[in-house]
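In this text, residue positions in the sequence shown follow the numbering used here: the first is 405, and each later residue adds one.
By construction, the Cβ of each residue, glycine as well, lies at the ideal position given by its N, Cα and C atoms.
The next block holds one structure in the form of structure tokens; read it before the comments.
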Amino acid sequence: MSNEELNQRNYLATGKLKGTKFGDFEELNIGATSVRELKAAGVEVIVPSSIKFAFAAYKPLKTPGAAKPDRVFLRRHDGKPHAVATAEHKAPTKLRSEKELLKAAEQGLFAAASLGAAVAVTSNGQRWCYVDVKKSLDKGEIVWLTDKRDFGPGVLANLLAGDAGVLKDPAPLAETVWQTIWHATKEEPKQCLLTFVEIFVLKFLSDNLPLKTLPEAYRFYPLLEEPKKFQERHGTTAIEYYVTKIRPFIKSIFPDNSVAVDEKVAGTFGLSTVVSKTSIINGFAFLRSSTVTLSGFNRTFLDILDEFQKFGPLTTIDPEFKLRLYETFLRRSARQQKLGQFFTPRNVVRQMIRMARLDQLPDGAVVLDPAAGVGGFVLEPPLIVPALAGNVTFAKGKPKRRIRFVGVDVDASTHILAKANTLIHFAEAVRDPTTTVAALNQLMAETFVLMNTNETLGALENPPEAKVDVILTNPPYVTKGSGVYKEEVREAGTGENNVDLRDYYDRSGLGVEALFLRYISGALKPGGRAFVIVPLGLLNRTDPGPKKRILDECNLIASIALPRNTFFNTAQLTYILALEKRHTAADERPDVFCGIARTIGETLSWERVPTPNENDLADIAGMFVAHAEGKPGAVQGSQVAKVVPAAEFTENDRWDVGRFWTEEELVALGHKESAVTRVDFIDETRSEIEEISTELAAAKKELEALTSGDMRTISMNDTAYFAVRSGTRVTGKEIREHPGKLPIYSCFKTEREVKGLVDEKFFGQVKKGDVEKKPIVTVNANGASVGKVFVRRDRCGITDDVIIVDVKDPGIDLDYLAVALRAAVYKGGFLYEAKLFTTRVRELEVEVPVDGNDELDVAQQQAIASAVRRFDALRTRLQDLGQRSADVRAV
């Protein structure tokens, strides 16, 4: 019978030729059926009378119609089957010599050309070679396709389309699949994400791993078989087969408890070993239902598989998808918000990586994220920084990293996502046959560290000590119930690395984010830098202890405000804080780069529509890099960035930056609060009111204690202590006509506003003005800001609307004098009508604390000045809260 083999294999069971499903194709596994017989059975082909090719090793048959390929792969057009590829299989001992390989290739070419197929496949079960049929016929010699992967449906699709190296963006696939999972299970977005990633990993591995690593029975494509046939073949549904057979096998090749071989990873945390405790999958939403059996989800499971199959092979993944996959699912997740986990938008990650200047790191440097989440700060630098593009290489079954990127997290499911994310980011390496699964496992074990021995503290349990070059992180921020963390620190005592946690985190402050800042300041090497996302509340708290603890070890080098709703699931106001580890306590502190970002390159609604032409954060990042590299005029002319002296960021100051912009500048910025839900506004406001209330109580107690001692009354007219004088009259016109670098201060509401910058020689020699070269105290004598008192420490000039006080006695602290003078002015009732000229200032009296020997007590003065400064910061915080409440657009 001419079609005997086709009948025996049930390819004609329906009366028409139909092969076994092979991805988007049909497979005929034959060997005894000729091309002529295939045509008679229904294959659309015009069999040539001869094959014009100079065969060198294979002796071709007399007629192409007599060729009998081992396997034929069909694709239907208008319902008719056309051959797209053939395969020839040889014994394992064959194809070892070039002559044997050439002979097999030519045999495959003959059969493929006879059927009009585009690809000829040759294999001995261990080696797979692919021939470009058309190019070979045109050139007159075998032309190999470059793909080296083991053959499968995905590989065949890539070979035919020539798109194995073409970037693909599976974002639409992710959106469709997550909706399908959610409708079926009603699980939270994170669980839907875990499920999508699990199936993505299966498809991805099936398209890229060799058969000896992932045999056919454990791949994606057999699950696509018609449900009835699958049930008959396996005695179970596809979803049950996946759960009982494939999932365990995937976990076996990516096993739990892999030891990180790189000793520097464990050494970073002061540990003897680091063990990767999880596999790459463990979050299948269909297993969690209490109302639907697993088999009851089979139809949904198959629908999802079908969507993956329609998308095509997962080989070369678009970097933007790698960057944004997790945003698709985690934009709106109430559970993440409760945990304080706010996944960082890619547009923010990108700019923080730019600011870190990772291309300047030496070989062997360590970059750490102690709250890594899904791994953006750890995996994305090579996609953003050209110098890091080849940071990871594979050789002899091991990964090698020039710069070590390490991420730590406490949540096991998030850790699994991070490991799966690693595979997605290293898609091209997975596709490379020289990359082993053992090397991939080792890379993941050395890149992501799960620290959940203490599930409350997580990474905080094992703080590194001066081991890290750069930290990039967005730690969780939870102030409500944050006492749990401090209690846990006390209970834990020492970490696994034998660090005394009680001492290490002493005076760290309120909130888990404050503990992370302490962790960070201790972890950095001298000169190391950290870029940390923190809530506004951490920056404007008045307790000096936590800030002093940070400043003892680090310099604050940048404070950058992010717009409200930067994060998907919180409207909380946040900042990027940049720190640099000090080399010695005597190091001069650098100026602080300050920024206000109104935009981040995408809308701040949940849709996150790209707005590349509206990206203040990118502009600010560029200016920060220029400033950090010492380029002059880095922020010149900018509305959104300023450079401020370090003296403005002491432990007694707020570390937010709005205070450095005048009201007029903020209006010019068009700075408006983004919309916030009423519930978010209530939660945020209640939290801030509670903090302010606590701090007010502490301030009251402190001020009562500091001001209860003995005081000496000193007249401002006492020349033993003070010299009171007026400034120099200089007009705005004169300043404009004689521009220079000397700042001229006049009667303004804030100490940073200047009348202008004038030429110093003009001011000193022509105007006969005093150029202030030593610190002074000034009192505004005129205008709406009468009575405002400031300390001036910079080289400057003062107008005649301001009174200058020179302090002659070293026993009087200038900051305290400013506080005491302000109190004297207020007591005297000086208003706009009662102008404060030199004579009236000399009439004022100030109260100065003295010690038990009736000597001026400088230390007490400094303590009072610091306490009042913090009190003023609290007043400003209340004022800001009131202003935000007035301006908020609650929806």
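Residue burial classification, residue i (beta-carbon count within 10 angstroms, cutoff 16)
| i | result |
| --- | --- |
| residue 394 | This structure gives no information on residue 394, because the portion of the chain shown stretches from 405 to 1295. |
| residue 1127 | exposed |
| residue 694 | exposed |
| residue 1184 | buried |
| residue 661 | exposed |
| residue 1096 | buried |
| residue 1084 | buried |
| residue 1283 | exposed |
| residue 648 | exposed |
| residue 415 | buried |
| residue 1231 | exposed |
| residue 450 | exposed |
| residue 1170 | exposed |
| residue 441 | buried |
| residue 1040 | exposed |
| residue 779 | buried |
| residue 1279 | exposed |
Euclidean distance between Cα positions of residue i and residue j
| i | j | result |
| --- | --- | --- |
| residue 741 | residue 861 | Legend: pLDDT at residue 741 = 41, less than 50; position of this residue unreliable, value from coordinates given subsequently. The straight-line gap from Cα to Cα measures roughly 18 Å. |
| residue 1133 | residue 956 | 43 Å |
| residue 901 | residue 617 | 37 Å |
| residue 1020 | residue 672 | 35 Å |
| residue 444 | residue 540 | 27 Å |
| residue 1087 | residue 1080 | 11 Å |
| residue 609 | residue 833 | 12 Å |
| residue 1264 | residue 1013 | 56 Å |
| residue 1050 | residue 960 | 8 Å |
| residue 505 | residue 548 | 11 Å |
| residue 601 | residue 881 | 27 Å |
| residue 489 | residue 716 | 18 Å |
| residue 1175 | residue 668 | 56 Å |
| residue 645 | residue 412 | 27 Å |
| residue 1121 | residue 1227 | 17 Å |
| residue 503 | residue 465 | 19 Å |
| residue 997 | residue 1038 | 10 Å |
| residue 485 | residue 640 | 30 Å |
7 Å Cβ cutoff met for residue i and residue j
| i | j | result |
| --- | --- | --- |
| residue 1269 | residue 1223 | yes |
| residue 803 | residue 796 | yes |
| residue 478 | residue 408 | no |
| residue 1208 | residue 1288 | no |
| residue 563 | residue 535 | no |
| residue 705 | residue 643 | yes |
| residue 557 | residue 529 | no |
| residue 809 | residue 876 | no |
| residue 1058 | residue 1277 | yes |
| residue 807 | residue 776 | no |
| residue 527 | residue 481 | no |
| residue 937 | residue 1024 | no |
| residue 911 | residue 953 | yes |
| residue 1166 | residue 1182 | no |
| residue 929 | residue 870 | yes |
Integer Cβ distance of residue i from residue j, believed to fall under 8 Å
| i | j | result |
| --- | --- | --- |
| residue 919 | residue 864 | 6 Å |
| residue 970 | residue 940 | That pair is no contact at about 12 Å. |
| residue 1162 | residue 1136 | That belief does not hold up - the Cβ atoms of residue 1162 and residue 1136 are roughly 10 Å apart, past 8 Å. |
| residue 927 | residue 893 | That pair is no contact at about 16 Å. |
| residue 1047 | residue 991 | In fact, because the Cβ distance is near 18 Å, the residues do not count as touching under 8 Å. |
| residue 1217 | residue 1266 | 5 Å |
| residue 614 | residue 554 | 5 Å |
| residue 827 | residue 844 | 7 Å |
| residue 799 | residue 663 | Residue 799 to residue 663, Cβ: 20 Å. No contact. |
| residue 879 | residue 853 | About 15 Å; that fails the 8 Å criterion. |
| residue 491 | residue 525 | 4 Å |
| residue 585 | residue 596 | 4 Å |
| residue 1157 | residue 1066 | 6 Å |
| residue 923 | residue 967 | Not quite, the Cβ-Cβ distance comes to about 27 Å (not below 8 Å), so this is no contact. |
| residue 1221 | residue 1245 | About 12 Å; that fails the 8 Å criterion. |
* Does the pairing of the region 715-727 with the region 569-576 give three or more beta-carbon distances under 8 Å? -> Per the Cβ contact rule, the region 715-727 is in contact with the region 569-576 (3 or more Cβ pairs under 8 Å).
* Flag this pair as touching only if the region 678-688 and the region 779-787 have three or more C-beta atom pairs under 8 Å; answer yes or no. => With contact defined as three or more Cβ pairs closer than 8 Å, the region 678-688 and the region 779-787 are not in contact.
* Cβ contact check for the region 1148-1162 and the region 1105-1117: 3 or more pairs under 8 Å -> Taking a cut-off of 8 Å on C-beta distances, the region 1148-1162 does not touch the region 1105-1117, as fewer than three cross pairs fall below it.
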